[in-house]
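Asker:
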Amino acid sequence: MSIDTETAARVAKLARIKVEDDALPALASEFNTILGFIEQLQEVDVDGVEPMVSVTPMRLKRRDDAVTDGDQQDRVLSNAPDAREGFFAVPKVVE
Amino acid sequence: MMTDLTKMTVAAARDALRAGEVTSAELTEACLTAIDAADALGAFVHKTPEIARERAAAADARLKAGDAPDLCGIPMGIKDLFCTRGVPSQAASRILEGFRPEYESTVSQQLQDAGAVMLGKLNMDEFAMGSSNETSVYGNAVNPWRRGNDDAALTPGGSSGGSASAVAADLCLAATGTDTGGSIRQPAAFTGITGIKPTYGRCSRWGIVAFASSLDQAGPMTKDVRDAAIVLRAMCGHDPKDSTSADLAVPDFEAALTGDIKGKTIGIPREYRMDGMPAEIEKLWSDGADMLRDAGAKIVDISLPHTKYALPAYYVIAPAEASSNLARYDGVRYGRRAKLSQGDGITEMYEKTRAEGFGPEVQRRVMVGTYVLSAGFYDAYYNRARKVRTLIKRDFEQAFDQGVDAILTPATPSAAFPLGMEMDDPVQMYLNDVFTVTVNLAGLPGISVPAGTDKDGLPLGLQLIGRPWEEGDLLNTAYALERAAGFVAKPGKWW
Numbered sequence: 021m022s023i024d025t026e027t028a029a030r031v032a033k034l035a036r037i038k039v040e041d042d043a044l045p046a047l048a049s050e051f052n053t054i055l056g057f058i059e060q061l062q063e064v065d066v067d068g069v070e071p072m073v074s075v076t077p078m079r080l081k082r083r084d085d086a087v088t089d090g091d092q093q094d095r096v097l098s099n100a101p102d103a104r105e106g107f108f109a110v111p112k113v114v115e
Numbered sequence: 052m053m054t055d056l057t058k059m060t061v062a063a064a065r066d067a068l069r070a071g072e073v074t075s076a077e078l079t080e081a082c083l084t085a086i087d088a089a090d091a092l093g094a095f096v097h098k099t100p101e102i103a104r105e106r107a108a109a110a111d112a113r114l115k116a117g118d119a120p121d122l123c124g125i126p127m128g129i130k131d132l133f134c135t136r137g138v139p140s141q142a143a144s145r146i147l148e149g150f151r152p153e154y155e156s157t158v159s160q161q162l163q164d165a166g167a168v169m170l171g172k173l174n175m176d177e178f179a180m181g182s183s184n185e186t187s188v189y190g191n192a193v194n195p196w197r198r199g200n201d202d203a204a205l206t207p208g209g210s211s212g213g214s215a216s217a218v219a220a221d222l223c224l225a226a227t228g229t230d231t232g233g234s235i236r237q238p239a240a241f242t243g244i245t246g247i248k249p250t251y252g253r254c255s256r257w258g259i260v261a262f263a264s265s266l267d268q269a270g271p272m273t274k275d276v277r278d279a280a281i282v283l284r285a286m287c288g289h290d291p292k293d294s295t296s297a298d299l300a301v302p303d304f305e306a307a308l309t310g311d312i313k314g315k316t317i318g319i320p321r322e323y324r325m326d327g328m329p330a331e332i333e334k335l336w337s338d339g340a341d342m343l344r345d346a347g348a349k350i351v352d353i354s355l356p357h358t359k360y361a362l363p364a365y366y367v368i369a370p371a372e373a374s375s376n377l378a379r380y381d382g383v384r385y386g387r388r389a390k391l392s393q394g395d396g397i398t399e400m401y402e403k404t405r406a407e408g409f410g411p412e413v414q415r416r417v418m419v420g421t422y423v424l425s426a427g428f429y430d431a432y433y434n435r436a437r438k439v440r441t442l443i444k445r446d447f448e449q450a451f452d453q454g455v456d457a458i459l460t461p462a463t464p465s466a467a468f469p470l471g472m473e474m475d476d477p478v479q480m481y482l483n484d485v486f487t488v489t490v491n492l493a494g495l496p497g498i499s500v501p502a503g504t505d506k507d508g509l510p511l512g513l514q515l516i517g518r519p520w521e522e523g524d525l526l527n528t529a530y531a532l533e534r535a536a537g538f539v540a541k542p543g544k545w546w
């Protein structure tokens, strides 16, 4: 498995991280090193083995579906880079 | 007197506080003075002297009233990964610049409730991704230890590098760390201190910035095993706000420290004898086995056949979970947003914010995680890694089923290495975690105990791995090892 610059660009796009075109070859090469390392996993016989879901077998607790928190708009917004009129503000999404 | 106060263990300070021989205010001032004189170590990245003095005064009042839990009045450092109300908590990342949480993590809240005094926030690798503390936006944390008279700066390890440096340099009596692949145990080993990662689910993860949720656990970093037992007890406990936190009683771990390990069985896993392992690590390991044998334990060879595949499985699972966890850093709700150009839409905002907010190692892992989870590769990489994880856990279960009480391994493949080493190959850095990462994958408790020094006088650690939920027994074995090893060396003060 070898990653080319096109795949690297696609992965960067999926991860929503801007990578300049001239940085793509180096990125692809790093991916190849890491994936080469991961490739060892193909040697392992995993027939009939269940993928791990939870490292400690436990039954998740149930709770009532009830409102237990709220009315904290100021605190929710206090760290926002841009908040207006009680909302998070972002660039225009819909034309 | 003032400098000696910072050298106290938690246990000694607790007893002195209760006996009225010292006040928390005095202890706290001594630590604050030591911290201000130690900026060269890069350990404390946000100092909180006002909070510290306020909590010290409150602790002194509680002590006077006779209502003093073990940690009442003990000055501690908190890793930057823990959200602390009103105090910068940015996981050593640019993307969380300016973030001041409106809430407190469960673990740091429990410490506060127990009367512990927060001195400030400690340096770390960005989002806990790294083994040398060099990916931090704050710059490097530095190891107080040096090679003989060589003044080259060494890494304190990572990701809890600031915590390790601060405890080893006596800037605080104890610190919190977190451990996803070895981030408590490797820095503890590099700095000659003790660090324990408890069983997955012992400590609540609520309010700790998430890296890989199925692997992350908090734990204490301390001057000795007794302190680890005391601080761990205060950090543990069920928390309804973390659905993976275990609803189990937390025992008095300190009470388990009898030092008697007669009849215990200690396993030595043959797969941990790596090719090219330095002779001094090999010797430390066999010396450690001899010490436990002399203390009455039975030493047996065991096999953990899938050890070799732990690191590759980790470097699928951890980045996969990180890519999901770090999706929340989008420049909308908290932290930094990139400056946008005319006409930039929301996608450009995400992409620019994450490109300038995340450092190179974090970007790399987020993208590797994105790749292994993407359509077409999910089965080949992610599902396969989770199956290998099942096998790694099974290896340990089989060893425990054969009657093994604890497993002894080296903590790290080397002593602390110099900062700024050129590593063109990210995989080279990943190899630091070769002995510790299996423990996270299997959800087990693991502790690093300083047990000797290398040829340059740098500390080396041994790791003990215990059965799930049996931290008390594990700490007791570590206590026996600590007493036999008799490691008392301290770094010479140069900072």
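These protein sequences, in sequence, are chains A and B. Quick note on numbering: the first sequence equals residues 21 to 115 in our numbering. Quick note on numbering: the second sequence equals residues 52 to 546 in our numbering. For every residue, glycine included, the Cβ atom is placed at its ideal position computed from N, Cα and C.
Bridge partners of P461(B), per DSSP?
Answerer: According to DSSP, P461(B) bridges with L513(B).
Asker: Measuring CB atoms only, is the stretch 349–367 of chain B touching the stretch 388–403 of chain B, in the sense that at least three cross pairs come out at less than 8 Å?
Answerer: As far as the Cβ criterion goes, the stretch 349–367 of chain B does not touch the stretch 388–403 of chain B, which means the pair count is below three.
Asker: Closest Cβ-Cβ distance between E322(B) and chain E: below 8 Å?
Answerer: The structure shown has no chain E; the protein chains it does contain are A and B.
Asker: Mapping the DSSP letters down to three states, classify I317(B) as helix, strand or coil.
Answerer: Residue state, collapsed to three classes: strand.
Asker: Under three-state DSSP, which class holds Q268(B)?
Answerer: Reduced to three states, the DSSP call for Q268(B) is strand.
Asker: Report the start-end ranges of each beta strand (DSSP E) in the stretch 329–412 of chain B that is 3 residues or longer and not cut off at the edges.
Answerer: Qualifying beta strand (DSSP E) stretches, in chain order: 349–353.
Asker: Looking at chain A, is there any beta carbon in it that lies within less than 8 Å of the beta carbon of D290(B)?
Answerer: Not closer than 8 Å to any Cβ of chain A, the Cβ of D290(B) fails to qualify, so no.
Asker: Do E185(B) and L470(B) have their CB atoms nearer than 8 Å?
Answerer: Against a cut-off of 8 Å, the Cβ pair of L470(B) and E185(B) comes out as a contact.
Asker: Considering only the alpha carbon of each residue, which of D202(B), D484(B) and L492(B) lies closest to S183(B)?
Answerer: Ranking the options by Cα distance to S183(B), first place goes to D484(B).
Asker: Any beta carbon of chain B sitting closer than 8 Å to that of L80(A)?
Answerer: Yes, its Cβ sits closer than 8 Å to a Cβ of chain B.
Asker: Please go through the same chain and pick out, in chain order, the residues whose beta-carbon is closer than 7 Å to the beta-carbon of A62(B), but skip the five residues on each side of it.
Answerer: Here the set comprises R277, D278 and I281.
Asker: Identify the continuous beta strand (DSSP E) that holds A502(B) and give its terminal residues.
Answerer: Note, A502(B): beta strand (DSSP E), G497 to T504.
Asker: Is there a Cβ of chain B sitting closer than 8 Å to that of D102(A), yes or no?
Answerer: Yes, D102(A) counts as interfacial toward chain B.
Asker: Please report how far the alpha carbon of I332(B) lies from the alpha carbon of A346(B), in whole angstroms.
Answerer: Their Cα atoms are separated by approximately 21 Å.
Asker: Listed in chain order, which residues of the stretch 165–198 of chain B have Cβ atoms closer than 7 Å to some Cβ of chain A?
Answerer: From the stretch 165–198 of chain B, no residue has a Cβ closer than 7 Å to chain A.
Asker: Any idea what DSSP makes of P100(B), helix, strand or coil?
Answerer: P100(B) falls in the helix class under three-state DSSP.
Asker: Between the alpha carbons of A529(B) and G314(B), how many angstroms are there, rounded?
Answerer: Approximately 15 Å between the Cα atoms of the pair.
Asker: N99(A) CB to nearest chain B CB: under 8 Å?
Answerer: Yes, contact with chain B.
Asker: Tell whether a beta-carbon distance below 8 Å holds between R586(B) and L61(A).
Answerer: Within the shown structure, residues of chain B are numbered from 52 to 546, placing residue 586(B) beyond reach of any answer.
Asker: Could you say which of F150(B), S156(B), R198(B) and V218(B) lies nearest to L173(B) if we only look at CA atoms?
Answerer: Nearest C-alpha to L173(B): V218(B).
Asker: Please report the Cβ distance between V455(B) and V351(B), rounded to the nearest whole angstrom; I am assuming they are in contact, meaning their Cβ atoms lie under 8 Å.
Answerer: Sure, about 7 Å apart at Cβ, within 8 Å.
Asker: Consult DSSP for G523(B) and reduce its assignment to one of helix, strand or coil.
Answerer: It is helical.
Asker: With distances taken from CA atoms, which of W546(B), T295(B) and V367(B) is nearest I58(A)?
Answerer: With distances taken between Cα atoms, I58(A) lies closest to V367(B).
Asker: Taking a Cβ distance cut-off of 7 Å, strictly less, list which residues of the stretch 462–483 of chain B are near chain A, in chain order.
Answerer: Listed by position, the residues of the stretch 462–483 of chain B near chain A (Cβ gap below 7 Å) are D476, P477 and V478.
Asker: Against P45(A), what residues of chain B qualify as contacts under a CB-to-CB distance less than 8 Å, listed in chain order?
Answerer: Those within 8 Å of P45(A) in chain B number zero; the least Cβ separation is about 14 Å.
Asker: Looking at the C-beta of M53(B), does it have a partner C-beta in chain A at a distance below 8 Å?
Answerer: Note on M53(B): pLDDT 45, under 50, position unreliable in the model; the coordinate value appears next. By this cut-off, M53(B) is not an interface position.
Asker: Which of the three DSSP states is assigned to A426(B) in this structure?
Answerer: DSSP places A426(B) in coil when its eight states are reduced to three.
Asker: Under 8 Å by Cβ, that's how I've got F262(B) and N376(B) pegged, so tell me the actual separation to the nearest angstrom.
Answerer: Right, the Cβ-Cβ distance comes to about 7 Å (below 8 Å), so this counts as a contact.
Asker: Strictly below 9 Å CB to CB, what residues from chain A border M400(B)?
Answerer: Neighbours of M400(B) on chain A, chain order: V110 and P111.
Asker: Tell me where the beta strand (DSSP E) around K438(B) begins and ends.
Answerer: First-last for K438(B): R435 to D452, but that is the alpha helix (DSSP H), not the beta strand (DSSP E).
Asker: Which same chain residues, not among the five before or five after L34(A), have their C-beta less than 6 Å away from its C-beta?
Answerer: Taken in chain order, the list of residues that qualify is empty.
Asker: Could you have a look at L224(B) and say whether DSSP puts it in helix, strand or coil?
Answerer: DSSP places L224(B) in coil when its eight states are reduced to three.
Asker: Helix or strand or just coil, what does DSSP make of A103(A)?
Answerer: In this structure, A103(A) counts as strand in the three-state DSSP scheme.
Asker: Mind reading off the beta-carbon distance from G386(B) to G408(B)? Whole number of angstroms is fine, and I expect it under 8 Å.
Answerer: Right, their Cβ atoms sit about 7 Å apart.
Asker: Below 8 Å between beta carbons: does that hold for D118(B) and A285(B)?
Answerer: Contact: no.
Asker: Applying the criterion that 16 or more other CB atoms from any shown protein chain within 10 Å of the CB defines a buried residue, is V488(B) buried or exposed?
Answerer: When all chains shown are included, V488(B) counts as buried.
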